[in-house]
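S.K.: Note that numbering that gives the first Met the number 0 has the sequence shown beginning at 0, numbered continuously upward.
Let me give you the structure first, and then I'll get to my questions.
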Amino acid sequence: MTDSREEMFVDCDIKSIDASSVSTGDSARTEQLLMNENIGSGVHIARVRYGNGDYTTTTRQWNTIEVGPVADGTPSKEHAIIGFKLLKSNHSYCPNTRIFLNYVEKHIDFYSISPIAKNESISWDYTTSEYEMDECFSDWKSGKPCQGFKFLPEEDQKRMVVAGEVTPHVYSQYYKKKVLVKE
């Protein structure tokens, strides 16, 4: 079942995994999105459309990606609601994909940033687009905590900003914090 918001350009499927094989011991995580073929770096994997009240919410939810401040300037953030397949992609501090936001055309693109082997799980770093998350969880490979960019060590924040890895709305919040807090 593919949601109409997604265009899957690379063949991938949701497959069950043995929860005991997850290093964090998270027994609730029983599925992941796996590649059905080997792909190289720079391949467009998926697109999620959002905007104009369609497929968006101002409430953080488990099935959303933060796409920026709400247009009216309220402190709540706009979140794009993602479809069924992409819900099974995982957070990783060593991801194999990266998201790019197109604020004008209102879509999120997923690209591979390294080769992805057949049957490898699709992952991306949630902290590149989520400034602050409601709940902390453990990275499924390293076990390190993840609760959003705001909670990363300062050296990781600086590295990600300089490398251009964060979305513009996350950078904006980081910059505001740095300007308002005199070091």
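Note that the Cβ used here is the ideal one computed from N, Cα and C, for glycine as well.
Counting only runs of 4+ residues fully inside the region 98–171, write out the alpha helix (DSSP H) ranges in chain order.
M.R.: 153–161
S.K.: According to DSSP, is K176 helix, strand or coil?
M.R.: Of the three classes helix, strand and coil, the one that applies to K176 here is helix, per DSSP.
S.K.: I want to know whether the region 79–96 touches the region 132–140 - three or more CB-CB distances under 8 Å.
M.R.: yes
S.K.: Could you tell me the boundaries of the beta strand (DSSP E) in which Q31 lies?
M.R.: 30–34
S.K.: For E182, which of helix, strand or coil comes out of DSSP?
M.R.: For E182, the predicted structure reports a pLDDT of 49, less than 50, and the residue's modelled location is therefore unreliable. The matter cannot be settled from this model.
S.K.: Going by DSSP in three states, K87 sits in which element: helix, strand or coil?
M.R.: When DSSP states are grouped into helix, strand and coil, K87 belongs to the helix group.
S.K.: Just grab the DSSP bridge partners of R46 for me.
M.R.: D108
S.K.: Beta carbon of Y54, beta carbon of R46: below 8 Å?
M.R.: No, Cβ-Cβ distance for Y54 and R46 is not below 8 Å.
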